[in-house]
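Colleague:
Protein chains in written order, with the numbering used here: chain A, 526 to 799; chain B, 3 to 244.
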């Protein structure tokens, strides 16, 4: 796994194996609206990539395609060297079946803007149910894992609480623990602090910083938290109109953007007090 | 009053039969409602078509005619006579189950899409999603309407006396014919139907409270026995009616 000083590269590097995620000419349309327009990019194992750009530029759609919540209109997605949006059948790539997707999306976890904890379960159940039922962990193993992760996110004492008894920031930290309990190789973070009151944002970002520092999980992060993006990511992709307008290491993107679209976007974000 | 007290055992026998019909019919209706309601939410034409056919056929027929058919027509076709209580249970169960299936379908579809997306992100199977997340959340939504349906079902069993079941209504009829005391005889039946309904409503309210507590909601009107006896505003909402 590349440590954080690995040069961020757009294309896979010889010798270090294959990229973990490859988007190959991906098009996504909703009716007449083209959200992603022949998009090509790849992500290395262990790389942390932040997606920025104006709303409607397709950032969230990229995460939703990877979580199989949407299907590509054209093009292909590969994960870990194998087709992901499609599957091989008789030498051809055909759209993936539900059972194929179920096998492949096992390596991917997602944290949502609105947390999406299950209100019919306690915090503990939220975290252990999928490891027990999907990964086949024993109750004891799953409980132990849940306790460790809830300690990690600073909510060990809330394990038997109900999601409705927690603040938004606490709920989001539980959601992070729930995603990590599945031991994903890839973690997708979809504007995870956008729904939080300003004073609760820092706690969630601290947890994510810690995850970034202590694990080699590949992270794709859609965020408006530019400070966080700068601290944590190896590479920043600036999206506009369904394509990558500019990409580079965070220092370059934030301090020396080359594209006018990036400059005006960053100006507007900073003006809005993010 | 004297009249009713003397004949109490007869009324109790009739009430017991009415309770049997109600519980049997409800159990059948519940199973059918769940099965066809869930089929109706599957994103494939075949299960959806099966659910639609069941709902439209059995919602569209009168429970009374269905009961007659079970009791009188079915034996002519199959050569097999259903026990008349069983025929009555089948008729009300099939009929109310069709309404219930629509309630289940609507409640499942009302579970927020974001909840289902979270189950996909955790890679739960279709059945696991349903069992662990969707049904427990939809359940609280179904209960108020189920409460109305079970009362409707109980009242619908009253026509079973027409196929020879000696239920509460039949007892009242017999009493009227035997004594000529029309007013008191039927008043007794009304009283017992009312009492059974109150017990059912109380039971459904307990279930509703439990369901809401499990979702971390405070039951309407607060907690405690007093709140339980008070009529909650939610009980009247969303009734399908029969």
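Here a beta-carbon is modelled for each residue, glycine too, at the ideal position from N, C-alpha and C.
For residue 169 of chain B, which residues from the same chain have a beta carbon less than 6 Å from its beta carbon, with the 5 sequence-adjacent residues on both sides left out?
Modeller: Counting from one through the second chain, the residue named residue 169 of chain B turns up at place 167. Closer than 6 Å at Cβ, skipping near neighbours: 16, 19, 20, 162 and 163.
Colleague: What whole-angstrom Cβ distance do residue 632 of chain A and residue 570 of chain A have, given they're in contact under 8 Å?
Modeller: Here the question's residue 632 of chain A lines up with position 107 in the first chain. Here the question's residue 570 of chain A lines up with position 45 in the first chain. The Cβ separation is near 11 Å, so there is no contact.
Colleague: Pick helix, strand or coil for residue 46 of chain B, following the three-state DSSP scheme.
Modeller: If you number the second chain from 1, residue 46 of chain B lands on position 44. Here residue 46 of chain B sits in coil by DSSP.
Colleague: Residues of chain B with CB under 8 Å from residue 655 of chain A, in chain order?
Modeller: Indexing the first chain from 1 puts residue 655 of chain A at position 130. Simply 124, 125 and 126.
Colleague: Tell whether a beta-carbon distance below 8 Å holds between residue 105 of chain B and residue 35 of chain B.
Modeller: Counting from 1 along the second chain, the entry for residue 105 of chain B is found at position 103. Counting from 1 along the second chain, the entry for residue 35 of chain B is found at position 33. Yes; because the gap between Cβ atoms is below 8 Å, this pair is in contact.
Colleague: Should residue 112 of chain B be flagged as near chain A, meaning a C-beta pair shorter than 8 Å?
Modeller: As a working note, residue 112 of chain B is residue 110 in the second chain. Answer no: the Cβ-Cβ gap between residue 112 of chain B and chain A never drops below 8 Å.
Colleague: Exposed or buried, which one is residue 517 of chain A when buried takes at least 16 other CB atoms within 10 Å?
Modeller: There is no way to answer for residue 517 of chain A, as the model of chain A reaches only from 526 to 799.
Colleague: Between the Cα of residue 605 of chain A and the Cα atoms of A/595, A/548 and A/676, which residue gives the shortest distance?
Modeller: Numbered from its first residue, the first chain carries residue 605 of chain A at position 80. Selected option, being the one with the closest Cα: A/548.
Colleague: Check whether chain A comes within 8 Å of residue 117 of chain B, counting only Cβ atoms and requiring the distance to be less than that.
Modeller: Residue 117 of chain B sits at position 115 when you count from the first residue of the second chain. Interface residue, yes.
Colleague: If we cut at 8 Å on Cβ distances, does residue 804 of chain A have a partner in chain B?
Modeller: Look at the range of chain A in this structure, 526 to 799, and you will see that residue 804 of chain A is not part of it.
Colleague: Rounding to the nearest angstrom, what Cα-Cα distance links residue 79 of chain B and residue 89 of chain B in this structure?
Modeller: Your numbering for residue 79 of chain B matches position 77 in the second chain. Your numbering for residue 89 of chain B matches position 87 in the second chain. If I take the Cα positions, the gap works out to 15 Å.
Colleague: So residue 544 of chain A and residue 568 of chain A are supposed to be a Cβ contact under 8 Å. How far apart are they, rounded?
Modeller: Position 19 of the first chain holds residue 544 of chain A. Position 43 of the first chain holds residue 568 of chain A. Right, their Cβ atoms sit about 6 Å apart.
Colleague: State yes or no: is the beta carbon of residue 594 of chain A nearer than 8 Å to at least one beta carbon in chain B?
Modeller: By one-based count along the first chain, residue 594 of chain A stands at place 69. True, the Cβ-Cβ gap to chain B drops below 8 Å.
Colleague: Take residue 128 of chain B as the anchor and find which of B/206, B/45 and B/63 has the nearest alpha-carbon.
Modeller: Looking up residue 128 of chain B in the second chain gives position 126. Comparing Cα-Cα distances from residue 128 of chain B to each of B/206, B/45 and B/63, the minimum goes to B/45.
Colleague: Residue 98 of chain B and residue 58 of chain B: beta carbons closer than 8 Å?
Modeller: For the purposes of this step, residue 98 of chain B is taken as the residue at position 96 of the second chain. For the purposes of this step, residue 58 of chain B is taken as the residue at position 56 of the second chain. No, the pair does not count as a contact, with Cβ atoms beyond the cut-off.
Colleague: Taking only the alpha-carbon atoms, compute the straight-line gap between residue 237 of chain B and residue 196 of chain B and give it to the nearest angstrom.
Modeller: Locating residue 237 of chain B in the second chain gives position 235, counting from the first residue. Locating residue 196 of chain B in the second chain gives position 194, counting from the first residue. Bear in mind that a pLDDT of 41 at residue 237 of chain B, under 50, signals an unreliable position, so the model cannot answer this.
Colleague: What three-state label does DSSP hand residue 566 of chain A in the structure shown?
Modeller: On the first chain, residue 566 of chain A is found 41 positions in, with the first residue counted as 1. Strand at residue 566 of chain A.
Colleague: Return the first residue and the last residue of the alpha helix (DSSP H) that residue 649 of chain A is part of.
Modeller: Along the first chain, read from residue 1 onward, the residue named residue 649 of chain A stands at position 124. That run of the alpha helix (DSSP H) goes 648-658.
Colleague: Within 10 angstroms of the Cβ of residue 212 of chain B, are there 16 or more other Cβ atoms? Answer buried if so, exposed if not.
Modeller: Within the second chain, numbered from 1, the residue matching residue 212 of chain B stands at position 210. Residue 212 of chain B is exposed by the Cβ-count criterion.
Colleague: Where do the ends of the alpha helix (DSSP H) carrying residue 86 of chain B lie?
Modeller: On the second chain, residue 86 of chain B is found 84 positions in, with the first residue counted as 1. 86-111 is the span of the alpha helix (DSSP H), which, as asked, contains residue 86 of chain B.
Colleague: Residues of chain B with a CB under 9 Å from the CB of residue 690 of chain A: which are they?
Modeller: On the first chain, position 165 is the one that residue 690 of chain A refers to. Going along chain B in sequence order, the residues near residue 690 of chain A (Cβ under 9 Å) are 218.
Colleague: Between which two residues does the beta strand (DSSP E) containing residue 715 of chain A stretch?
Modeller: Numbered from 1 along the first chain, position 190 holds the residue referred to as residue 715 of chain A. Taken as a continuous stretch (DSSP letters only), the beta strand (DSSP E) holding residue 715 of chain A covers 711-715.
Colleague: For residue 132 of chain B, which of B/26, B/40 and B/10 has the nearest alpha-carbon?
Modeller: The count along the second chain starts at 1 and reaches residue 132 of chain B at position 130. Cα-wise, what sits closest to residue 132 of chain B is B/40.
Colleague: Closer than 7 Å, Cβ to Cβ, to anything on chain E: give me those residues from the stretch 156-182 of chain B, in chain order.
Modeller: Within the model displayed, chain E is absent; protein chains A and B are what it includes.
Colleague: Residues in the same chain with beta-carbon distance under 7 Å from residue 737 of chain A, minus the five sequence neighbours each way, listed in chain order, please.
Modeller: Start at 1 with the first residue of the first chain, and residue 737 of chain A comes out as number 212. For residue 737 of chain A, where only same-chain residues beyond five positions count, the Cβ hits under 7 Å are 573, 744 and 757.
Colleague: With a CB to CB cut of under 7 Å and the five nearest residues on each side skipped, what residues in its chain are close to residue 565 of chain A?
Modeller: Taking the first chain and counting its residues from 1, one reaches residue 565 of chain A at position 40. For residue 565 of chain A, where only same-chain residues beyond five positions count, the Cβ hits under 7 Å are 548, 549 and 550.
Colleague: Would you report the Cα separation of residue 136 of chain B and residue 580 of chain A, rounded to the nearest angstrom?
Modeller: Here residue 136 of chain B is taken as the residue at index 134 of the second chain, counted from 1. Here residue 580 of chain A is taken as the residue at index 55 of the first chain, counted from 1. Each residue's Cα considered, the two are about 31 Å apart.
Colleague: Examine the Cβ distances between the stretch 61-80 of chain B and the stretch 108-119 of chain B and report whether three or more of them are shorter than 8 Å.
Modeller: In short, these stretches do not touch, since the Cβ pair count stays below three.
Colleague: Taking only the alpha-carbon atoms, compute the straight-line gap between residue 677 of chain A and residue 704 of chain A and give it to the nearest angstrom.
Modeller: Your numbering for residue 677 of chain A matches position 152 in the first chain. Your numbering for residue 704 of chain A matches position 179 in the first chain. Answer to the nearest angstrom: the Cα atoms are 13 Å apart.
Colleague: Work out the CA separation of residue 102 of chain B and residue 141 of chain B for me, nearest whole Å.
Modeller: Taking the first residue of the second chain as 1, we reach residue 141 of chain B at position 139. Taking the first residue of the second chain as 1, we reach residue 102 of chain B at position 100. The alpha-carbon atoms of residue 141 of chain B and residue 102 of chain B are separated by roughly 12 Å.
Colleague: Given residue 630 of chain A, which residues of its chain have a CB within under 6 Å of its CB, disregarding the five upstream and five downstream residues?
Modeller: Here residue 630 of chain A is taken as the residue at index 105 of the first chain, counted from 1. 593.
Colleague: Here's the rule: buried if 16 or more other CB atoms are within 10 angstroms of the residue's CB, otherwise exposed. What is residue 617 of chain A?
Modeller: For this step, residue 617 of chain A is matched to residue 92 along the first chain. Result: exposed.
Colleague: In three-state DSSP terms, what is residue 219 of chain B?
Modeller: To locate residue 219 of chain B, count along the second chain from 1; it is residue 217. Coil.
Colleague: With a cut-off of 8 Å on the beta carbons, I'd call residue 134 of chain B and residue 724 of chain A a contact; round off their distance for me.
Modeller: If you number the second chain from 1, residue 134 of chain B lands on position 132. If you number the first chain from 1, residue 724 of chain A lands on position 199. So it is not a contact: roughly 33 Å between Cβ atoms.
Colleague: Could you tell me which of A/557, A/588, A/711 and A/562 sits nearest to residue 748 of chain A, measuring between CA atoms?
Modeller: Locating residue 748 of chain A in the first chain gives position 223, counting from the first residue. Residue 748 of chain A has its Cα closest to that of A/588, out of A/557, A/588, A/711 and A/562.
Colleague: Mind pulling the chain A residues with CB within less than 9 Å of residue 130 of chain B?
Modeller: Taking the second chain and counting its residues from 1, the one referred to as residue 130 of chain B is at position 128. Per Cβ cutoff of 9 Å: 654, 655, 658 and 659.
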